[in-house]
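The structure under discussion appears below in the form of structure tokens.
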């Protein structure tokens, strides 16, 4: 492919690492086409070094502080195309990598932070409420647990098997449920004195819908952010009405540019400082070369990943 050229308000970045997400698996299978104007190949997040700064960059990102310069370390959210040696990034979607955070670690964070924080906002979650993170050991869940706790929420999470349960607990969850052996509904009700949780962040979709609704407290909010267990299920509307509950689904990649910019501004203001101070730390499971991208996908599909899989040039 030709060398990309940064336009107004854009950065040309030499990719040091690219995150692998389940969205990439869906795209590879033909189920998740990139948005109009995005590169055809996968990759929703990267970190690396600024090689060139497009015109108008300072004005395009007033919250960035000092102007972007060649040599700055950057992490960024992308609409696609991260599996590449060079990417062009709108500065509104870029984050300065703080000292003490490696390029590998930085590449594992933009998509998860944007997903988690934006969906906690969608759920109107406030400090003191209880959130259940379905899939606490995954790329999103392993960020959701410490971020939600740092924002003042009581965090319950699910994981599969004793080892993963302990590792998710170490991320800061107040309680971790083993979805392989626990009765999840009973455990959640026991952990909440029979009340249920205020918010569920769910990556499973159809296969978890009934349990998620049963575990919600009155006025609870279920936010569906993944479809690992299917896309179609029956919903007990009577129970939904009785609990005055809300079910909402969101997708980050297809959002308009202005919405993505607003989400990343929120990440920059409220989540990235927690990363810089070490309160929220990424969990890197494995690293593969770009030439081994197929192996990286198989690793993620295996269900054995705890945290993030990354690609490096």
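Residue numbers (the numbering used here): 360 to 672. A virtual CB, placed ideally from N, CA and C, is assigned to each residue, including glycine.
Using beta-carbon positions only, say whether residue 536 and residue 504 come within less than 7 Å of one another. Locating residue 536 in the chain shown gives position 177, where the first residue counts as 1. Locating residue 504 in the chain shown gives position 145, where the first residue counts as 1. Taking 7 Å as the Cβ cut-off, residue 536 and residue 504 do not qualify as a contacting pair.
Here's the rule I'm using: 16 or more other beta-carbon atoms within 10 Å means buried, otherwise exposed. How should residue 487 be labelled? In the chain shown, counting from the first residue as 1, residue 487 sits at position 128. Residue 487 is exposed by the Cβ-count criterion.
Would you call residue 644 buried or exposed, if buried means 16 or more other Cβ atoms sit within 10 Å of its Cβ? The residue you call residue 644 lines up with position 285 of the chain shown. Residue 644 comes out buried.
Report the residue ranges of all alpha helix (DSSP H) runs contained in full by the stretch 563-597; include only those spanning at least 4 residues, in chain order. 568-574
Does the beta-carbon distance from residue 582 to residue 482 come in below 7 Å? Within the chain shown, numbered from 1, the residue matching residue 582 stands at position 223. Within the chain shown, numbered from 1, the residue matching residue 482 stands at position 123. Yes; because the gap between Cβ atoms is below 7 Å, this pair is in contact.
4-residue-minimum alpha helix (DSSP H) runs that sit fully inside the stretch 470-519, ordered along the chain: 500-509
Skipping 5 residues on each side, what residues in its chain have a beta carbon closer than 8 Å to that of residue 392? Residue numbering aside, residue 392 sits at position 33 when the chain shown is read from its first letter. Once the five neighbours on either side are set aside, the close Cβ partners of residue 392 are 386.
Rounded to whole angstroms, what's the CA-CA distance from residue 593 to residue 599? Just pull it up for me. What you label residue 593 is simply residue 234 of the chain shown in a count that begins at 1. What you label residue 599 is simply residue 240 of the chain shown in a count that begins at 1. So the two alpha carbons sit approximately 12 Å from each other.
Measure the C-alpha to C-alpha separation of residue 649 and residue 672 and round it to an integer number of angstroms. Taking the first residue of the chain shown as 1, we reach residue 649 at position 290. Taking the first residue of the chain shown as 1, we reach residue 672 at position 313. About 5 Å.
If we count the other Cβ atoms within 10 Å of its Cβ and call it buried at 16 or more, is residue 641 buried or exposed? Counting from 1 along the chain shown, the entry for residue 641 is found at position 282. Buried, by the Cβ-count rule.
Any idea if residue 616 is buried or exposed, counting beta-carbon neighbours within 10 angstroms, 16 or more meaning buried? As a working note, residue 616 is residue 257 in the chain shown. It counts as exposed.
Measure the CB-CB distance between residue 491 and residue 441 and report whether it falls below 7 Å. Here residue 491 corresponds to residue number 132 of the chain shown, with the count starting at 1. Here residue 441 corresponds to residue number 82 of the chain shown, with the count starting at 1. Their beta carbons are not under 7 Å apart, which means residue 491 does not touch residue 441 by this criterion.
Per DSSP, residue 608 is paired with what? For the purposes of this step, residue 608 is identified with residue 249 of the chain shown, where counting begins at 1. Bridge partners of residue 608: 583.
Is it buried or exposed for residue 421, if we count other Cβ within 10 angstroms and need 16 for buried? In the chain shown, the residue the question calls residue 421 occupies position 62. Summary for residue 421: the model assigns pLDDT 49, below 50, so the residue's position carries little reliability, and this model does not support an answer.
Out of 427, 567, 577, which one is the CA nearest neighbour of residue 587? Position 228 of the chain shown, counted from the first residue, corresponds to residue 587. Of the listed residues, the one whose Cα sits closest to residue 587 is 567.
Let me know the secondary structure DSSP gives residue 702 once reduced to three states. This structure leaves residue 702 out entirely; the chain is present only between 360 and 672.
Pick out whichever of 455, 372, 523, 459 has its Cα sitting closest to the Cα of residue 665. By one-based count along the chain shown, residue 665 stands at place 306. Of the listed residues, the one whose Cα sits closest to residue 665 is 523.
Check whether residue 413 and residue 373 have beta carbons under 7 Å apart: Within the chain shown, the letter at position 54 stands for residue 413. Within the chain shown, the letter at position 14 stands for residue 373. It is not a contact, given that the beta carbons lie outside the stated cut-off.
Can you say whether residue 540 is buried or exposed, counting buried as having 16 or more other CB atoms within 10 angstroms of its CB? Within the chain shown, numbered from 1, the residue matching residue 540 stands at position 181. It counts as exposed.
Between the CA atoms of residue 405 and residue 428 - distance to the nearest angstrom: The residue given as residue 428 occupies position 69 in the chain shown. The residue given as residue 405 occupies position 46 in the chain shown. About 18 Å.
Using alpha carbons as the reference points, say which of 538, 525, 376 lies closest to residue 517. Looking up residue 517 in the chain shown gives position 158. Of 538, 525, 376, the residue nearest in Cα terms is 538.
Going by DSSP, what residues sit across from residue 432 in a beta bridge? As a position in the chain shown, residue 432 is number 73, starting the count at 1. For residue 432, which the question treats as bridged, DSSP gives the partners 408.
Helix, strand or coil: which one does DSSP assign to residue 375? Mapped onto the chain shown, residue 375 falls at position 16. DSSP places residue 375 in strand when its eight states are reduced to three.
Per DSSP, what kind of secondary structure is residue 646 in: helix, strand or coil? Looking up residue 646 in the chain shown gives position 287. In this structure, residue 646 counts as strand in the three-state DSSP scheme.
Element boundaries [beta strand (DSSP E), containing residue 445]: Mapped onto the chain shown, residue 445 falls at position 86. Segment 445-449, the beta strand (DSSP E) holding residue 445.
Hey, could you find the ends of the alpha helix (DSSP H) residue 524 is sitting in? As a working note, residue 524 is residue 165 in the chain shown. Here the alpha helix (DSSP H) through residue 524 covers 521-529.
Please check the pair residue 656 and residue 476, which I expect to be a contact at CB under 8 Å, by giving their CB distance rounded to whole angstroms. For this step, residue 656 is matched to residue 297 along the chain shown. For this step, residue 476 is matched to residue 117 along the chain shown. Not really, about 26 Å apart at Cβ, beyond 8 Å.
For the beta strand (DSSP E) that contains residue 544, what are its first and last residues? As a first step, residue 544 is located in the chain shown; it is residue number 185 there, counting from the start. No beta strand (DSSP E) contains residue 544, which is instead part of the alpha helix (DSSP H) from 543-550.
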